[in-house]
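So the structure is just underneath, and the comments pick up after that.
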Amino acid sequence: MSIRKIANIAMFATLICAFTFIYVPTPWGVPITGQTLAILVAGLVLKPKDAALAVSLYLTLGIIGLPVFSGGQSGIGVLFGPTGGYLSSFLLGVLILSWLSAKQKPLLGIILFTIVVYLIGSFQLAIVTNITFLQALKVGMLPFVLGDIIKASLAFVVAKRVSAVNTFA
89 MSIRKIANIA MFATLICAFT FIYVPTPWGV PITGQTLAIL VAGLVLKPKD
139 AALAVSLYLT LGIIGLPVFS GGQSGIGVLF GPTGGYLSSF LLGVLILSWL
189 SAKQKPLLGI ILFTIVVYLI GSFQLAIVTN ITFLQALKVG MLPFVLGDII
239 KASLAFVVAK RVSAVNTFA
């Protein structure tokens with residue numbers, strides 16, 4: 089692996105960590121964060137393996153104790169908590185997004201990324217909080233749809249600009 093690839097992976101993992109600190113708590117327990125914006129950009133500009141490595145590095149940093157999960161949380165326990173499904177779904181979601189982006193289908197990739205995150209995250213939210221899956225979707229998806237549309241649009245614009253300036257080969 090080239091130094092450039094390693095640097096790109098580290099840079100995007102760092103961006104994901106930094107954007108997690110854009111954090112708005114909500115009364116329903118699932119916060120609004122900027123990390124999905126950074127992950128979307130990573131998925132749009134990096135190759136699938138590199139995007140997955142960036143997200144894996146982010147998750148690993150949080151698991152080993154750096155406060156990079158929403159609200160400054162860390163540790164493996166967060167992955168087993170109410171919002172852990174959203175975190176763990178980022179890995180599958182970014183693989184799908186990056187793969188489709190490489191196939192010149194970034195919009196489909198963004199849509200599928202979002203669906204994967206909502207479904208896996210809401211599924212775990214339902215299990216951990218002992219509510220129905222439909223209740224979890226109401227809490228873990230509906231309040232975020234508009235914000236996620238805005239984040240996806242912004243990610244698309246940023247990724248186009250970043251890709252025009254730099255190649256992430």
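Position in the sequence shown (from 1) plus 88 gives the number in our numbering. Note that the Cβ used here is the ideal one computed from N, Cα and C, for glycine as well. Since we're looking at a predicted model, the values are computed, not measured.
Query: Put THR108 into one of helix, strand or coil per three-state DSSP.; Result: helix
Query: ILE184 and VAL204: beta carbons closer than 8 angstroms?; Result: yes
Query: Over what stretch of residues does the alpha helix (DSSP H) that includes PRO136 continue unbroken?; Result: 136-151
Query: Thinking C-beta only, is PHE232 closer than 8 angstroms to ILE151?; Result: no
Query: For THR114, which of helix, strand or coil comes out of DSSP?; Result: coil
Query: Which residues mark the beginning and the end of the alpha helix (DSSP H) in which GLY258 is found?; Result: Residue coverage of the chain in this structure runs from 89 to 257, which leaves residue 258 outside it and unanswerable.
Query: Give the range of the alpha helix (DSSP H) segment to which LEU200 is assigned.; Result: 194-217
Query: What three-state label does DSSP hand PHE157 in the structure shown?; Result: strand
Query: To the nearest angstrom, how far is the alpha carbon of ILE110 from that of GLY122?; Result: 5 angstroms
Query: Identify which residue in GLN212, TYR146, ILE164 has its Cα closest to the Cα of VAL182.; Result: TYR146
Query: To which residues does DSSP link THR121 through a beta bridge?; Result: TYR111
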